[in-house]
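When you read off a place in the sequence shown, starting at 1, and then add 6, the result is the number in the numbering used here.
Quick reminder that beta carbons are idealized off the backbone N, C-alpha and C, glycines included.
Computed from a prediction, not measured in an experiment: that's the story for all the values here.
Below is one structure, written out as structure tokens, with a few remarks after it.
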Amino acid sequence: MQNLAIISGTVFLGDRHLDNGKKDIVETEFGTAVVIRTDRFLYIQRHGSAKGTHIPPHLINNQANLRALQKLGVDAVIGINSTGSLHTSLKPGTLVIPDDFIALSGTPTTVMDRVLHVIPALSDEIRQGLIAAALQCRTDVVREGIYWQTTGPRLETKAEIRMMARHADIVGMTMASEAVVACELGIPYAAICSVDNYCHGIVKEPLTIEEIIEGARRNADIIYTIISGYMNDTTETG
Numbered sequence: 007m008q009n010l011a012i013i014s015g016t017v018f019l020g021d022r023h024l025d026n027g028k029k030d031i032v033e034t035e036f037g038t039a040v041v042i043r044t045d046r047f048l049y050i051q052r053h054g055s056a057k058g059t060h061i062p063p064h065l066i067n068n069q070a071n072l073r074a075l076q077k078l079g080v081d082a083v084i085g086i087n088s089t090g091s092l093h094t095s096l097k098p099g100t101l102v103i104p105d106d107f108i109a110l111s112g113t114p115t116t117v118m119d120r121v122l123h124v125i126p127a128l129s130d131e132i133r134q135g136l137i138a139a140a141l142q143c144r145t146d147v148v149r150e151g152i153y154w155q156t157t158g159p160r161l162e163t164k165a166e167i168r169m170m171a172r173h174a175d176i177v178g179m180t181m182a183s184e185a186v187v188a189c190e191l192g193i194p195y196a197a198i199c200s201v202d203n204y205c206h207g208i209v210k211e212p213l214t215i216e217e218i219i220e221g222a223r224r225n226a227d228i229i230y231t232i233i234s235g236y237m238n239d240t241t242e243t244g
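The structure is reproduced here in structure tokens:
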């Protein structure tokens with residue numbers, strides 16, 4: 007059985023599946039992380055768990071978050087990420103299990119006083135487990151895709167989106183940073199990406215913010231069902 011952790015944004019869980027969660031404050035050499043323990047998994051809200059606060063993507067302490075999970079014995083991490091679509095064929099409401107990513111703007115690192123060159127990669131074992139769980143609950147997912155990470159907090163220009171669309175499928179501001187740090191720490195990491203909107207210039211009439219939030223909430227429930235199936239499968243085979 008895996009000791010699983012989930013890292014998500016503001017919409018995914020909220021308080022719906024954390025009723026019995028216990029909040030731990032974990033000190034690391036990179037700073038403090040807030041981890042919620044449930045009877046099934048550990049959970050980190052990447053944008054902060056305190057009411058009235060929101061940590062923007064470029065200020066998230068990914069090193070502290072992933073190091074805290076490592077200290078707590080996690081051996082698998084699933085990231086839940088909100089993304090924009092670079093192609094009209096990837097409509098809002100689609101779920102993507104990315105198989106690679108691009109982060110040319112740089113990512114955080116845990117490497118300070120040692121020589122370490124990692125080859126970043128998403129865990130194919132976790133990816134295949136999520137795909138299998140989606141199939142079992144009769145949920146369509148896109149089984150591969152390239153995630154392009156931008157720095158944020160600003161969104162992208164139309165010209166930037168046209169360039170990205172030649173090489174990637176979805177855009178976000180968080181997944182690659184988590185994946186690289188997890189890789190440095192030796193923690194297998196994969197993600198489920200919710201396509202919540204079209205990127206700037208992809209369509210003439212973009213969704214309203216209300217439509218984006220509503221679509222993200224619908225996907226949140228589906229994602230939790232997939233992860234529950236994944237956890238059940240790893241429990242049976244563990």
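Could you tell me how far apart the beta carbons of residue i and residue j are, in whole angstroms, since I believe they sit closer than 8 Å?
i, j, result
"L122", "E190", "7 Å"
"H64", "P159", "6 Å"
"P98", "Y230", "Wrong, their Cβ atoms sit about 19 Å apart, outside the cutoff."
"I12", "L136", "Not quite, the Cβ-Cβ distance comes to about 12 Å (not below 8 Å), so this is no contact."
"I228", "T145", "6 Å"
"I167", "H206", "5 Å"
"R46", "M237", "6 Å"
Is it buried or exposed for residue i, if we count other Cβ within 10 angstroms and need 16 for buried?
i, result
"I66", "buried"
"G221", "buried"
"R52", "buried"
"G15", "buried"
"P114", "buried"
"S200", "buried"
"V32", "buried"
"V117", "exposed"
"P62", "exposed"
"A226", "buried"
"G235", "buried"
"E35", "exposed"
"E211", "exposed"
"M169", "exposed"
Do residue i and residue j have their C-beta atoms within less than 9 Å of each other?
i, j, result
"A165", "L101", "no"
"I215", "L92", "no"
"A174", "I108", "yes"
"D202", "T89", "yes"
"S111", "T156", "yes"
"I4", "A74", "The shown model of the chain, from 7 to 244, leaves out residue 4, and the question about it has no answer."
"V186", "N71", "no"
"V40", "K57", "no"
"L78", "N9", "yes"
"G37", "Q69", "yes"
"D106", "A138", "no"
What are the boundary residues of the alpha helix (DSSP H) that includes residue i?
i, result
"I132", "130-142"
"E190", "181-190"
"I176", "First-last for I176: 176-178, but that is the beta strand (DSSP E), not the alpha helix (DSSP H)."
"I167", "164-171"
If you follow the beta strand (DSSP E) that residue i is part of, which residue opens it and which one closes it?
i, result
"E150", "First-last for E150: undefined, no H or E at that position."
"I33", "A small fix is needed here, since residue 33 is Glu in this sequence, not Ile. 28-34 is the extent of the beta strand (DSSP E) around E33."
"N203", "195-204"
"N67", "It is not in any beta strand (DSSP E) - N67 carries neither H nor E in the DSSP assignment."
"A11", "10-14"
"R43", "37-43"
"I125", "Unbroken run through I125: none, as it is neither H nor E."
"A82", "82-91"
"F47", "It is not in any beta strand (DSSP E) - F47 carries neither H nor E in the DSSP assignment."
"V106", "Going by the sequence as given, residue 106 is Asp instead of Val. It spans 106-108 - the beta strand (DSSP E) in which D106 sits, taken as one unbroken run."
Is there contact between the segment 164-182 and the segment 79-88, where contact requires at least three CB pairs shorter than 8 Å? yes
Is there contact between the segment 146-157 and the segment 102-110, where contact requires at least three CB pairs shorter than 8 Å? yes
I'd like to know if the segment 188-207 and the segment 115-134 are in contact, where contact means that at least 3 CB-CB pairs between them fall below 8 Å. yes
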